[in-house]
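Please read the structure below before turning to the comments.
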Amino acid sequence: MHLAWRQNHEGLRDLSLPMLAEIKRELSMALGVLHPEKGVALRATFIVDPQGIIRFVSANVTCSPFSCRL
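Just so we're on the same page, the numbering used here is the position in the sequence shown counted from 1, plus 16.
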């Protein structure tokens, strides 16, 4: 995640959960959350346990008006 974005939004400054952003789209493609036509990742939340196993996934099956304009 872009550090400046997190620092500029007061509600995110003290967030105790790690957040991820990627440029190459490799992870979003591997996880099945990359929009096939738009090339943007759908909004998704993954809960990963300490062993690295994905235990829960919540992903939008459609993109928001904002993300589809990108």
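Glycine included, each C-beta is placed from N, C-alpha and C at the ideal position. Everything numeric in this text was worked out from a predicted model, so none of it was measured.
Which value, in whole angstroms, describes the spacing of the CA atoms of Met45 and Glu26? 31 Å
Leaving out five residues before and five after Ile70 in sequence, what residues of the same chain have Cβ atoms less than 6 Å from its Cβ? Phe62, Val64
Report all residues from its chain with a CB closer than 6 Å to the CB of Val49; omit the five preceding and five following residues, and keep chain order. Ala57, Leu58, Ala60, Ala75
Could you check where the beta strand (DSSP E) with Arg29 kicks off and where it finishes? First-last for Arg29: 26-29, but that is the alpha helix (DSSP H), not the beta strand (DSSP E).
Nearest CA to the CA of Gly55: which residue from Pro66, Glu42, Val73? Glu42
Rounded to whole angstroms, what's the CA-CA distance from Gln23 to Gln67? Just pull it up for me. 29 Å
At which residues does the beta strand (DSSP E) containing Ala75 begin and terminate? 70-75
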